[in-house]
Every structure is written in C-alpha cells, then in structure tokens.
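Asker: Have a look at this one.
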Amino acid sequence: MAVAVTLGSSWIYWYGFAYQIHFAAGALVFAVLILTADLLPLRVSNKSTVGVWDIGVVLAVAALGPVWAALATVPSALAVGRRDWLRTIYEIGHNVTIIFIAGTVFSFTSAPLLSGSAAPATQILYGTLATSVVLLASNKMITATLFGFKYDQEFSETWKEIGQPYLLSDAVNVMTAGLGALALVVYGPLAAVVVVTGSIGSQALVYRSREQMKQI
C-alpha cells in the first residue's frame with residue numbers, strides 16, 4: 034500500500050489532477066466493466082482465479098490516465114475484499130501499483146485518449162500493447178511475491194499454476210486491449226464490441242486451458 038500511495042502522490046504532484054465531467058463519466062463506465070469482469074472469473078486453483086479484468090484496466094489507463102483508472106478499480110477492490118478490510122486494502126494497493134506502473138509506460142506514447150490530444154492511431158496501438166504487457170507482468174510478479182510470503186510457494190510453482198497455462202489467454206487480452214484502444218480512437222463506441230468479443234474469447238481459452246490442466 035505504501036508503494037501505491039507513493040506512486041499516486043508522485044504522479045499527482047508532477048502532473049496534477051483536474052476534474053472533468055467526461056473523465057468522471059468514463060471512470061464510471063470502466064468501473065462497471067472492471068467490476069463485472071472481477072465478479073465473473075474462472076477459478077483455476079484453490080488459491081487463484083483468472084479473468085479479463087486487465088482488459089478494462091488497460092483501456093481505462095489509456096483513455097483516462099492512471100489517476101482516473103485507479104479510481105475506476107475501487108468498486109472492484111471493495112467487491113473482491115468484501116468485508117475483509119485487510120484484503121480490501123491489499124486489492125486497492127495492488128491495483129494502484131500496477132496501474133501507475135502501466136500508466137507511466139503509456140504516458141511515453143500518448144496523452145489520455147479522452148483528453149483530445151491523443152497520438153497517431155498506430156502509436157496508440159503499440160503503446161497500449163506495451164502497457165498491457167507491463168501491467169500483466171507487474172500483476173503476476175506481485176501475485177508470485179504474495180504467494181511466496183503467504184503460502185511459502187516458489188516462483189516456479191506459481192508460474193506453472195497461474196502463468197504458463199494461460200499465456201494464450203493473456204496474449205488475447207493484450208491484443209483485445211490494443212484493438213479496443215485503436216477502435217476507441219478511430220470508431221468510438223465500436224470499441225465496446227471489440228472488448229466484449231475479445232473477453233469472451235479469452236474466457237473460453239482460460240476454460241479450455243483449465244480443463245486440460247485437470248486432465249494432465
């Protein structure tokens with residue numbers, strides 16, 4: 034949580050935080066999208082689940098910037114943590130940390146897409162792909178670290194449990210986020226179709242991978 038507070042405070046100190054109604058509306062839309070994805074995960078072990086929440090998070094970072102994206106994940110963190118405040122604090126800290134790390138990457142590519150000063154479409158596509166990879170990698174590293182402390186589980190074991198079997202699904206999530214950002218810039222609301230289609234395909238791949246792991 035301390036890392037999350039430091040990253041968030043530093044970003045606001047250097048770049049500021051301005052309230053704009055269309056950013057608030059966008060954060061509300063992404064909050065619903067992220068919350069829905071977090072409430073419909075697939076359980077892949079007795080300790081972890083896999084879902085498509087990262088697509089919504091990456092698109093929120095690209096469209097709104099990390100501050101508004103972090104705010105959009107708060108309902109999801111509250112839902113996942115339920116009434117366990119320690120778990121809720123962890124979820125918020127976890128989300129904020131990976132969002133600001135990923136947001137730093139996207140900031141080298143473009144301003145937030147809803148700011149009206151976005152970069153060329155091709156640059157946004159590549160920037161979103163890179164942002165997705167960084168966010169996924171950061172998330173897995175934090176999860177592996179948590180499993181190491183909580184369950185005394187080695188990184189290699191965590192990788193075999195929640196990493197390696199779902200690489201194809203992760204790749205689909207990365208491509209979906211990239212194409213969703215591109216569609217948002219070029220076609221507007223059509224981005225929603227891309228996100229829904231990619232999310233369904235990714236969940237189908239996770240389900241298939243999970244069944245194959247059970248058979249093995």
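With the numbering used here applied, the sequence shown has no gaps in its numbers, which climb one by one up to 249 at the end. We treat Cβ as the ideally placed atom computed from N, Cα and C, and that holds for glycine. The structure displayed is predicted, hence computed values, not measured ones.
1) For the region 77 to 156, which segments carrying the alpha helix (DSSP H) assignment without a break, of at least 4 residues, lie completely within its bounds, in sequence order?
2) Following the continuous alpha helix (DSSP H) through glycine 59, name the residue where it begins and the one where it ends.
3) With a cut-off of 8 Å on the beta carbons, I'd call leucine 217 and alanine 154 a contact; round off their distance for me.
4) Quick one: what's got a C-beta closer than 7 Å to proline 99's C-beta in the same chain, skipping five residues either side?
5) With distances taken between CB atoms, is the gap from asparagine 172 to valine 85 smaller than 9 Å?
6) So phenylalanine 188 is in the alpha helix (DSSP H); what residue range does that whole segment cover?
7) Is it buried or exposed for serine 143, if we count other Cβ within 10 angstroms and need 16 for buried?
8) For glutamine 156, which option in Thr82, Ala60, Ala95 and Ile54 has the closest C-alpha, if you only look at C-alpha atoms?
9) Apart from the five residues on each side of it in sequence, which residues of its chain come closer than 8 Å, Cβ to Cβ, to alanine 112?
10) DSSP three-state label for aspartate 203, please.
Answerer: According to the data block:
1) 86 to 97, 99 to 105, 107 to 114 and 118 to 140
2) 54 to 72
3) Not quite, the Cβ-Cβ distance comes to about 10 Å (not below 8 Å), so this is no contact.
4) Trp44, Ile132, Phe133 and Gly136
5) no
6) 188 to 191
7) buried
8) Ala95
9) Leu68, Asp71 and Leu72
10) helix
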